[in-house]
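Chemist: Below you'll find the structure I mean.
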Amino acid sequence: MRIAKEESSSSAAQAISLISALKELQGVTALDLNKLLRDSENFTIHYLTEKGSLLKIDMEKLAGSLPLHLTTLLMSGVRDEALFRYLLRGIRLLHSLCELASRNSKFEQILLDDVKMMEQLTDLVFYMLIVLGGYRQEYRAFSYMHLMHSTLVACNLHLLTAFVSTQWQDIVHVLLAHPKVDIFMDAAFGSVRMIVSFLENALVAYHEDISVESNLTAEQMVYYLCQQCEASLQFLQSLCQQKMFKERLLKNKELCEKGSILFLAQSILKLHIQPSFPSRIMAAISRLKAKILSILLSLCEAESISYLDEVASSVRSLDLAKSVALEVFDLLKKAFGRDPGHLTADRSFPMGFVQLNAMRLADIFSDDSNFRSYMILCFTKVLTAIISLSHGDFLSCWCSSNLSETEEDASIEYDIFAAVGWILDNTSPDVRNATNLEFNLIPNSMPKASYAHHRTSLFVKFFANLHCFVPNICEEQERNLFVLKVMECLQMDLSNLLPGFSFASDAPKAAIASKNLRSLLSHAESLIPNFLNVEDVQLLRVFFGELQSLFTSTGFGENQVQDSKFDESLSWDKLSKFNMNEHYQEAQSAGGCPPSLTGKEHASLNKKGGNFKEGMSENSAFPDMDQHNTRAEETNQGKGLNKQNQVDDKGIPGKTASGGAREMDKDAQNVETSGSDSSSAKGKNVVDNMDNGELSKSNERLKRTAVEENPEDEKIELSQRRKRKRTIMNDKQVMLIERALKDEPDMQRNAASLQSWADKLSGHGSEVTSSQLKNWLNNRKARLARTARDVKAAAGDDNPVPEKQRGPVPGSYDSPGSPEFGHCNAGQNVVLVGVRGDEIGRGKVFQVHGKWYGKSLEELSAHVVDISELKADKGMRLPYPSEATGNTFAEAETKLGVMRVLWGSNRVFALRPE
Numbered sequence: 001m002r003i004a005k006e007e008s009s010s011s012a013a014q015a016i017s018l019i020s021a022l023k024e025l026q027g028v029t030a031l032d033l034n035k036l037l038r039d040s041e042n043f044t045i046h047y048l049t050e051k052g053s054l055l056k057i058d059m060e061k062l063a064g065s066l067p068l069h070l071t072t073l074l075m076s077g078v079r080d081e082a083l084f085r086y087l088l089r090g091i092r093l094l095h096s097l098c099e100l101a102s103r104n105s106k107f108e109q110i111l112l113d114d115v116k117m118m119e120q121l122t123d124l125v126f127y128m129l130i131v132l133g134g135y136r137q138e139y140r141a142f143s144y145m146h147l148m149h150s151t152l153v154a155c156n157l158h159l160l161t162a163f164v165s166t167q168w169q170d171i172v173h174v175l176l177a178h179p180k181v182d183i184f185m186d187a188a189f190g191s192v193r194m195i196v197s198f199l200e201n202a203l204v205a206y207h208e209d210i211s212v213e214s215n216l217t218a219e220q221m222v223y224y225l226c227q228q229c230e231a232s233l234q235f236l237q238s239l240c241q242q243k244m245f246k247e248r249l250l251k252n253k254e255l256c257e258k259g260s261i262l263f264l265a266q267s268i269l270k271l272h273i274q275p276s277f278p279s280r281i282m283a284a285i286s287r288l289k290a291k292i293l294s295i296l297l298s299l300c301e302a303e304s305i306s307y308l309d310e311v312a313s314s315v316r317s318l319d320l321a322k323s324v325a326l327e328v329f330d331l332l333k334k335a336f337g338r339d340p341g342h343l344t345a346d347r348s349f350p351m352g353f354v355q356l357n358a359m360r361l362a363d364i365f366s367d368d369s370n371f372r373s374y375m376i377l378c379f380t381k382v383l384t385a386i387i388s389l390s391h392g393d394f395l396s397c398w399c400s401s402n403l404s405e406t407e408e409d410a411s412i413e414y415d416i417f418a419a420v421g422w423i424l425d426n427t428s429p430d431v432r433n434a435t436n437l438e439f440n441l442i443p444n445s446m447p448k449a450s451y452a453h454h455r456t457s458l459f460v461k462f463f464a465n466l467h468c469f470v471p472n473i474c475e476e477q478e479r480n481l482f483v484l485k486v487m488e489c490l491q492m493d494l495s496n497l498l499p500g501f502s503f504a505s506d507a508p509k510a511a512i513a514s515k516n517l518r519s520l521l522s523h524a525e526s527l528i529p530n531f532l533n534v535e536d537v538q539l540l541r542v543f544f545g546e547l548q549s550l551f552t553s554t555g556f557g558e559n560q561v562q563d564s565k566f567d568e569s570l571s572w573d574k575l576s577k578f579n580m581n582e583h584y585q586e587a588q589s590a591g592g593c594p595p596s597l598t599g600k601e602h603a604s605l606n607k608k609g610g611n612f613k614e615g616m617s618e619n620s621a622f623p624d625m626d627q628h629n630t631r632a633e634e635t636n637q638g639k640g641l642n643k644q645n646q647v648d649d650k651g652i653p654g655k656t657a658s659g660g661a662r663e664m665d666k667d668a669q670n671v672e673t674s675g676s677d678s679s680s681a682k683g684k685n686v687v688d689n690m691d692n693g694e695l696s697k698s699n700e701r702l703k704r705t706a707v708e709e710n711p712e713d714e715k716i717e718l719s720q721r722r723k724r725k726r727t728i729m730n731d732k733q734v735m736l737i738e739r740a741l742k743d744e745p746d747m748q749r750n751a752a753s754l755q756s757w758a759d760k761l762s763g764h765g766s767e768v769t770s771s772q773l774k775n776w777l778n779n780r781k782a783r784l785a786r787t788a789r790d791v792k793a794a795a796g797d798d799n800p801v802p803e804k805q806r807g808p809v810p811g812s813y814d815s816p817g818s819p820e821f822g823h824c825n826a827g828q829n830v831v832l833v834g835v836r837g838d839e840i841g842r843g844k845v846f847q848v849h850g851k852w853y854g855k856s857l858e859e860l861s862a863h864v865v866d867i868s869e870l871k872a873d874k875g876m877r878l879p880y881p882s883e884a885t886g887n888t889f890a891e892a893e894t895k896l897g898v899m900r901v902l903w904g905s906n907r908v909f910a911l912r913p914e
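Numbering-wise (UniProt numbering), the sequence shown opens with residue 1 and increments by one.
Shown next, in the form of structure tokens:
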């Protein structure tokens with residue numbers, strides 16, 4: 001009994017000694033500690049306290065006990081101001097000890113070379129972030145607890161750079177090796193989000209001039225919160241820039257699929273900057289927005305997993321992502337509405353690359369099928385307003401290499417010792433006049449010309465991406481949606497969108513927009529290839545040609561003078577009768593758009609140009625669309641090619657498309673492609689379909705006119721259409737990857753497998769990168785899902801296939817006549833689809849194994865099918881043509897007596913029995 005009491009007394013004495021040592025040494029710098037160690041023996045120092053007493057401290061025991069001591073206190077459950085103060089002192093001392101280790105080799109062996117110590121330090125960081133992330137905030141706007149909480153988060157994160165490494169790849173390696181790395185990610189982002197909520201409340205109170213019962217002013221407290229928030233967010237930004245960490249983060253369902261990062265982004269982007277705020281606070285908030293946009297950019301640019309696909313996997317997270325996109329669009333609207341000569345009121349504080357990062361993110365939205373239609377609905381007014389600016393303003397903002405003012409970014413150089421010292425000193429009741437704390441900002445600027453060119457190139461890409469139509473990705477309702485929406489917006493008074501500029505009131509909008517776009521095209525060509533690629537500029541050229549033809553065909557801009565009420569010379573009744581197919585023929589005759597764009601009938605507008613659904617949900621229904629199957633699209637189905645007329649590039653003159661525009665660009669290559677989009681199609685129901693049969697006669701007349709104007713077009717050699725950001729695979733490559741997908745259906749989610757197969761495929765044809773292969777696989781999955789849905793709808797099924805399939809087998813379908821993915825058997829009723837996902841016909845499987853006319857069905861991954869109902873043209877070329885079995889459906893029927901064809905098994909879907 002006596003021994004137990006002595007042990008208990010000894011433990012208590014050690015704890016008191018540790019607490020005393022912590023309180024006394026937490027304010028001593030690493031340099032001073034090193035001097036004390038040099039004068040000591042066996043790592044035991046003698047420290048003279050402020051009260052004059054001499055304290056004997058064993059530094060080896062102190063360093064070995066401190067991490068576990070602080071972790072134990074966190075588990076106590078009592079989390080008040082006293083605990084937060086003590087933890088701050090402990091973190092400050094730990095940081096000084098880690099710095100001391102870099103100066104003293106013997107101490108380094110004790111502290112940093114001990115595996116157990118490293119584990120305890122890492123566990124402390126993890127556990128403290130968990131506690132801070134779950135902290136329940138007080139409702140008071142100005143609270144010392146909020147300041148201490150934000151300091152603990154920032155110091156805790158930056159402590160990793162002290163005991164692990166100052167190199168980010170080393171920190172990432174340690175974090176990813178930890179079994180609870182997902183918990184760290186959740187806690188880190190959750191803790192930063194908590195700081196943002198403190199800052200949001202403080203900004204509102206500061207703006208409303210709520211009194212502060214403290215020796216600190218409201219401005220000092222708000223600015224300090226900004227500093228701590230920026231330091232923490234910058235740490236996460238640096239982690240997300242590391243490929244390995246980013247890829248691991250994308251697998252975290254809580255942060256990505258369930259939208260936790262999006263909630264953080266939304267809360268930061270919603271922070272309102274009042275004009276009355278001091279410049280340093282305005283700049284700090286602006287840098288926060290630039291940094292969170294940078295984090296989103298890093299995630300969106302990852303190759304292994306599509307971040308936008310992850311957030312689009314549920315309606316809730318997709319709606320949240322669209323709300324973030326809306327904040328980005330609103331931020332750009334405000335930025336574009338200011339004269340670039342007044343980007344910053346005070347140049348002494350860097351504002352961050354807010355506008356540039358927002359434009360980069362908007363560029364990604366514009367090229368992603370989940371967000372493209374939504375961006376057209378929400379952002380076309382702003383883009384239209386810009387091209388409606390007076391020509392002088394437009395040139396100075398978008399066609400210049402020398403903007404008067406540009407953005408400047410900066411990184412905060414965080415100092416744990418100074419941050420903790422400031423909060424401890426200035427929240428003490430003994431201090432009356434609080435000092436200011438400033439961290440060093442390391443500037444990151446961009447040359448003016450480079451900044452201007454980046455900005456303009458992104459502006460051009462908006463038009464290119466929003467106008468680009470991809471038949472196998474985009475919904476039919478998206479065809480020409482952007483150019484028609486621009487036409488609609490040109491009828492409106494948009495001057496309030498860009499308050500920093502003046503709009504010409506004495507010139508027709510059509511003439512102004514045409515002049516500005518012509519100048520933009522000319523300037524864009526000078527940015528090739530350093531800032532823009534040929535395809536982006538070509539798409540802008542096509543958009544301009546189509547807009548010109550719309551002006552001519554509808555009479556928009558003729559004798560039109562805009563006044564305050566704006567004469568609606570272009571009525572929606574007139575637009576509703578306008579068939580885009582007529583326009584395509586006119587543009588083709590003038591050389592202004594790709595001939596391949598004229599091959600399909602296009603949906604017209606309804607009476608008011610389409611009911612634009614701006615809801616956030618993906619549940620809107622699509623009207624039935626006419627089936628189109630043109631021979632030109634299927635001619636080279638097996639080769640993956642679609643040829644078109646090749647014409648010379650002559651540029652665009654200042655003429656309309658109908659009469660004197662023959663000199664317009666004649667190198668309008670077909671650039672309908674997926675771009676960087678790697679997600680399944682999720683187009684919105686934004687334009688109602690109309691029957692355009694009444695215009696068929698005028699269509700034929702325009703076709704004849706086009707041929708008469710350019711008879712030589714029929715003789716021009718066909719060339720392979722150009723693809724933007726995607727490589728088309730040949731027969732052999734497609735066959736190999738289709739066969740591999742049977743064993744590995746979720747290949748697009750395995751980065752290593754993607755790279756391996758990309759290397760293998762490159763040996764059988766043109767080079768295929770892992771990113772291009774991933775895009776191809778996602779596009780294939782989208783086509784299959786959409787085809788299954790469309791076929792089920794045609795079969796009268798009330799339960800359509802989900803638009804977003806998470807694998808090759810979408811589940812069971814109980815209704816008869818519905819398509820079923822999987823293996824087919826001989827005698828089974830099936831549906832055949834084309835490379836674009838459209839239904840080719842129906843029939844019965846004749847053979848699935850062995851050889852057929854010398855061809856191995858297993859090697860080709862193909863089935864032999866007897867066609868009973870053909871929906872395509874009989875003259876359409878077959879995917880496996882031969883002299884024995886025929887090159888077309890018609891030849892197959894003639895040679896074999898029945899329409900028996902060889903078809904890829906990946907495009908043969910079994911139908912459930914009636």
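Ideal Cβ positions, reconstructed from N, Cα and C, are used throughout, including at glycine.
1. Does the count of Cβ pairs from the region 65 to 73 and the region 42 to 54 closer than 8 Å reach three?
2. What would DSSP say about residue 500, mapped onto helix, strand or coil?
3. Taking a contact to mean a Cβ-Cβ separation below 7 Å, would you say residue 296 touches residue 265 in this structure?
4. Look at the Cβ atom of residue 207, then the Cβ atom of residue 274, and state whether they are nearer than 7 Å.
5. In chain order, which continuous runs of the beta strand (DSSP E) of length 3 or greater are located wholly inside the region 413 to 459?
6. Residue 615 to residue 319, Cα distance in whole Å?
7. Cα separation between residue 459 and residue 356?
8. Would you mind sorting residue 244 into buried or exposed? The rule is 16 or more other CB atoms within 10 Å of its CB.
9. Smallest Cα separation from residue 543: which of 526, 732 and 518?
10. Which residue marks the beginning of the alpha helix (DSSP H) containing residue 394, and which one marks its end?
11. Helix or strand or just coil, what does DSSP make of residue 170?
12. Put residue 272 into one of helix, strand or coil per three-state DSSP.
13. List the whole-angstrom C-beta distance separating residue 195 from residue 153, where the pair is believed to meet the contact cut-off of C-beta under 8 Å.
14. Specify, as a first and last residue, the run of the beta strand (DSSP E) that residue 839 falls within.
15. Sort 144, 776 and 742 by Cα distance to residue 730 and report the nearest one.
16. From the DSSP secondary-structure annotation, give me the bridge partner or partners of residue 362.
17. For the alpha helix (DSSP H) that residue 485 lies in, which residues bound it at each end?
18. Are the Cβ atoms of residue 31 and residue 95 separated by less than 7 Å?
19. Contact defined as beta carbons within less than 8 Å: I believe residue 497 pairs with residue 253. What is the distance between those atoms, to the nearest angstrom?
20. Label residue 472 either buried or exposed according to how many other C-beta atoms from any shown protein chain fall within 10 Å of its C-beta, with 16 as the threshold for buried.
21. Out of 202, 147, 127 and 363, which has the shortest C-alpha to C-alpha gap to residue 85?
22. Are residue 291 and residue 363 close, meaning C-beta to C-beta below 7 Å?
23. Terminal residues of the continuous alpha helix (DSSP H) containing residue 212?
24. Of all the options 225, 88, 54 and 40, which has the alpha carbon lying nearest to the alpha carbon of residue 26?
25. Quick check on this structure: which residue in 412, 56, 171 and 17 has the alpha carbon closest to the alpha carbon of residue 229?
26. Are the CB atoms of residue 770 and residue 758 within a distance shorter than 7 Å?
27. In angstroms with no decimal places, state the Cα-to-Cα distance between residue 873 and residue 330.
28. So, for residue 906: in the same chain, excluding its five sequence neighbours on each side, which residues have a beta-carbon less than 6 Å away from its beta-carbon?
29. Should the region 112 to 130 be regarded as contacting the region 373 to 386, the criterion being three or more beta carbon pairs within less than 8 Å?
30. My output table needs one value for residue 867: the three-state DSSP class, helix, strand or coil.
31. Count the other CB atoms, across all protein chains shown, that sit within 10 Å of the CB of residue 385; report buried if there are 16 or more and exposed otherwise.
32. Let me know if residue 848 comes out buried or exposed under the rule of 16 or more other beta-carbons within 10 Å of its beta-carbon.
33. What does the alpha-carbon distance come out to for the pair residue 898 and residue 866?
34. Three-state secondary structure (DSSP) at residue 858?
35. State the DSSP-derived secondary structure class of residue 894, mapped to helix, strand or coil.
36. Considering just the uninterrupted stretch of the beta strand (DSSP E) at residue 830, what are its terminal residues?
Modeler: Checking against the coordinates, here is how it stands:
1. By the Cβ criterion, the region 65 to 73 is not in contact with the region 42 to 54, since fewer than three pairs of Cβ atoms, one from each stretch, lie closer than 8 Å.
2. Residue 500: coil per DSSP, three-state reduction.
3. Less than 7 Å divides the Cβ of residue 296 from the Cβ of residue 265.
4. It is a contact, given that the beta carbons lie within the stated cut-off.
5. Counting only runs of at least 3 residues, the region 413 to 459 fully encloses the following beta strand (DSSP E) elements, listed from N- to C-terminal order: 440 to 444.
6. Low per-residue confidence applies at residue 615: pLDDT is 35, beneath 50, and the placement is therefore not dependable, though the value from the model is reported in the following sentence. Near 9 Å, if we compare the C-alpha coordinates of residue 319 and residue 615.
7. Residue 459 and residue 356 have their alpha carbons spaced roughly 10 Å apart.
8. That one is exposed.
9. Ranking 526, 732 and 518 by Cα distance to residue 543 puts 518 first.
10. Here the alpha helix (DSSP H) through residue 394 covers 391 to 398.
11. Residue state, collapsed to three classes: helix.
12. In the three-state reduction of the DSSP assignment, residue 272 falls in the coil class.
13. Correct: roughly 6 Å between the Cβ atoms.
14. That run of the beta strand (DSSP E) goes 839 to 847.
15. It is 776 whose Cα lies nearest to the Cα of residue 730.
16. Paired residue(s): none; residue 362 is not in a bridge.
17. Element bounds for residue 485: 481 to 489.
18. No. Outside cutoff.
19. With a Cβ gap of about 39 Å, residue 497 and residue 253 do not count as contacting.
20. Per the 10 Å Cβ criterion, buried.
21. Ranking 202, 147, 127 and 363 by Cα distance to residue 85 puts 147 first.
22. Their beta carbons are not under 7 Å apart, which means residue 291 does not touch residue 363 by this criterion.
23. Here residue 212 belongs to no alpha helix (DSSP H), and DSSP marks it neither H nor E.
24. For residue 26, the nearest C-alpha among the options comes from 88.
25. With distances taken between Cα atoms, residue 229 lies closest to 412.
26. The Cβ atoms of residue 758 and residue 770 lie closer than 7 Å to each other.
27. Rounded to the nearest angstrom, the two C-alpha atoms are 48 Å apart.
28. Only 738 meet the Cβ criterion.
29. Fewer than three beta-carbon pairs drawn from the region 112 to 130 and the region 373 to 386 are found closer than 8 Å, and the two stretches are therefore not classed as touching.
30. It is a strand residue.
31. Residue 385 comes out buried.
32. Counting Cβ neighbours within 10 Å, residue 848 comes out buried, since at least 16 surround it.
33. Those two C-alpha atoms are separated by around 7 Å.
34. Residue 858 sits in a helix when the DSSP states are folded into three classes.
35. Collapsing the DSSP output to three states places residue 894 in a helix.
36. Its beta strand (DSSP E) spans residues 829 to 833.
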